[in-house]
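Remarks on the structure that follows.
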Amino acid sequence: MKGAGPFLRSYGGPALLIGLCVGLLIFALWRLAVIERDMRIEATENMLWVISQTQMEALRLDKAISDHARGTADEDRVVLRYALLLSRLDLLLQGPQQRYLARIEASETIAAHDTAIRNADPETVTGDAAAFAVTNARLEENLAGLHATLNRAANDTMVREWEAIAERLDAYRAAVWQVIGSVIGVLAGWLMIGWRLIANERQLRRAEEERSRALTLEQALRRERAVSAYYRDFAAIVSHQFRTPLAIIDSAVQRLVRRGDAVTAADVARREGAIRDAIHRLTRLVDTALLAGRLDSGQVSVKPRHCDLAVIVRESCAQFRALNPERDIRFASAAATTTAWCDRDLVDHILANLIANALKYSPESAPVELRLFNTGAKIAVAVTDYGPGIAPADRPHVFDRFYRGETGGHSEGSGLGLSLARDLAQLQGGDLGFETWTGRGSVFTLGLPRMFDPDTLPGEEGTQVESRLVNDEKEPAR
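Residue numbers (full-length UniProt numbering): 1 to 478.
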């Protein structure tokens, strides 16, 4: 029970206040229900109308008798009016109407008139003019007394109804004030509850802001740790990759120095090619590392525009042919439309990475093939190599940063290229996909939007592009 004290302090006051508001609301509704019930027209409250209708029928019967005496009405009319009067008297002398008449001491008098009128039934003497006239005379006498009694009953009823209405209005006024007081109490209670809720909301908001700040600091700390780990891995991998081209350059220069004057033009050309290739690899590695750093820090700005992708691919092929004159790099286009909505510089980097990988993992005698084609709302370029393919264990990690699989004995590379290429493709509203066959080669397909699409914004993942081959077969042709 130790926790009961704080619980009651926290929730006892609001619960009591809510209970009070609910009680006042129930009381107000009850009083309104009472007013509504009292405002209903009870059976006794239509007495004035019933009496007036009975009196009207009595007057109409009296007139019909007078008209019959003058010869302007027949016996049937008198009989009809007589029957209607009896129906009004039946209504008046039954149920709540009879009880009301008893309260005003008019029930016995009207019942006596009813008996006398029923004893003078004109229908029993129709056809006998003399008897019919005598019966009408008796009815006229009884109707005169009935008129006087009904007049007194109507007056008494009106006076009683006025008094009842006055009493009811007084009761209604008191009930309305009670309802108004209850409503004011409910409003006051809800205002207090609202004030408490607003105060609690402010406290919760301050607590949420503090939690958000703490979470932001925690996330910043995690990012800082992740960046530190990233750069440790980056330094470990890239430092090794830097050493390889530098070692090639150093080796070529040392051989030229050792040969001295015996160096031939062919030796110089051969060493020059090795040095240029090493410098090219080193430059591409530096560019990749710098671009990855800019991408991680959000400093890569995408400047898309309509570009002829066929021209970009041809220029990339030409650059790699110049650097690798002994390699067969082929390009074909099956695209009806070659315009893409992209950033040319980023596309150049993606294609350079894909072509360089294809050359690295393909035998020197095998071609590297590029094909341009349309697929849906995108234009795609497929880069096909005829290397060893990607091992099944490595395929889920192809686009993981710093992951380097063992492909045909090759473990060179920084593990940045394909990951960066895919990120750059997705920044432009495109994507990079692949298909591979062990021992037969791989196809990497870059898909880019053909036109500006406001629904595909930079940074969102674009539609997956199905890899397609140059010869439209399901695996690289041999």
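Even for Gly, the Cβ is constructed at its ideal location relative to N, Cα and C.
Within the continuous beta strand (DSSP E) that includes residue i, where are the two ends?
i, result
"residue 54", "Where residue 54 is concerned, there is no enclosing beta strand (DSSP E), although the alpha helix (DSSP H) it sits in stretches over 47–70."
"residue 443", "441–449"
"residue 435", "431–437"
"residue 371", "368–375"
"residue 401", "Segment: none, residue 401 is in no beta strand (DSSP E) and carries neither H nor E."
"residue 332", "329–333"
"residue 308", "305–308"
Going by other Cβ atoms of all chains shown within 10 Å of its Cβ, with 16 needed for buried, is residue i buried or exposed?
i, result
"residue 268", "exposed"
"residue 347", "buried"
"residue 47", "buried"
"residue 409", "Here residue 409 scores only 46 on pLDDT, less than 50, and its place in the model should not be relied on; the value that follows carries that caveat. By the neighbour-count rule (16 or more Cβ atoms within 10 Å), residue 409 is not buried but exposed."
"residue 457", "Summary for residue 457: the model assigns pLDDT 45, below 50, so the residue's position carries little reliability; its value from the coordinates is reported in the next sentence. Per the 10 Å Cβ criterion, exposed."
"residue 42", "Low confidence applies here, because residue 42 scores a pLDDT of 49, under 50, leaving its location unreliable and the question unanswered by this model."
"residue 200", "exposed"
"residue 68", "buried"
"residue 384", "buried"
"residue 198", "exposed"
"residue 481", "Only positions 1 to 478 of the chain appear in the structure, and residue 481 is not among them; the question remains open."
"residue 228", "exposed"
"residue 19", "exposed"
"residue 254", "exposed"
"residue 447", "buried"
"residue 54", "buried"
"residue 97", "buried"
"residue 316", "buried"
"residue 74", "exposed"
"residue 355", "buried"
"residue 365", "exposed"
"residue 150", "buried"
"residue 166", "exposed"
"residue 101", "buried"
"residue 180", "exposed"
"residue 15", "exposed"
"residue 124", "exposed"
"residue 169", "exposed"
"residue 212", "exposed"
Considering Cα atoms alone, identify which of the options is closest to residue i.
i, options, result
"residue 343", "301, 364, 337, 358", "301"
"residue 449", "377, 416, 424", "377"
"residue 341", "28, 133, 392, 451", "451"
"residue 34", "163, 166, 171, 138", "171"
"residue 303", "428, 27, 139, 144", "428"
"residue 138", "178, 128, 117, 148", "117"
"residue 183", "130, 21, 431", "21"
"residue 127", "177, 78, 265, 211", "78"
"residue 76", "380, 204, 129", "129"
"residue 400", "271, 417, 391, 387", "417"
"residue 337", "105, 365, 381, 353", "381"
"residue 353", "161, 320, 211", "320"
"residue 176", "224, 111, 27, 92", "27"
"residue 396", "359, 425, 434", "434"
"residue 136", "152, 436, 58, 111", "58"
"residue 357", "328, 375, 387", "387"
"residue 327", "309, 158, 173, 359", "359"
"residue 148", "270, 31, 106", "106"
"residue 501", "258, 250, 192", "There is simply no residue 501 to check, as the chain begins at 1 and stops at 478 in what is shown."
"residue 195", "392, 17, 394, 120", "17"
"residue 312", "351, 265, 153", "351"
"residue 50", "61, 32, 23, 92", "92"
"residue 333", "379, 437, 207, 305", "379"
"residue 108", "210, 153, 85, 140", "153"
"residue 115", "103, 86, 273", "86"
"residue 394", "206, 437, 191", "437"
"residue 31", "173, 56, 121", "173"
Spell out whether any CB of chain B is found under 8 Å from the CB atom of residue i.
i, result
"residue 362", "Protein chains in the displayed structure number just one, and chain B is not present."
Tell me which residue opens and which closes the alpha helix (DSSP H) that residue i is part of.
i, result
"residue 392", "No alpha helix (DSSP H) contains residue 392, which DSSP labels as neither H nor E."
"residue 75", "75–92"
"residue 383", "Note, residue 383: premise wrong, no alpha helix (DSSP H); beta strand (DSSP E) at 378–385."
"residue 419", "417–427"
"residue 324", "Run containing residue 324: none; DSSP gives neither H nor E here."
"residue 356", "344–361"
"residue 115", "107–118"
"residue 99", "95–103"
Quick one: measure Cβ to Cβ for residue i and residue j, integer angstroms, because I've assumed they're closer than 8 Å.
i, j, result
"residue 330", "residue 367", "5 Å"
"residue 155", "residue 113", "Actually they are not in contact, since the Cβ atoms of residue 155 and residue 113 sit about 17 Å apart, beyond 8 Å."
"residue 64", "residue 81", "4 Å"
"residue 335", "residue 370", "Contact flag wrong, Cβ pair sits at about 12 Å."
"residue 349", "residue 424", "6 Å"
"residue 430", "residue 389", "With 8 Å as the limit, residue 430 and residue 389 do not qualify as a contact, their Cβ atoms being about 24 Å apart."
Could you check if residue i belongs to the surroundings of the ligand SAH, using beta carbon to heavy atom distance under 7 Å?
i, result
"residue 343", "In the structure on display, the ligand SAH does not appear, and there are no ligands present to speak of."
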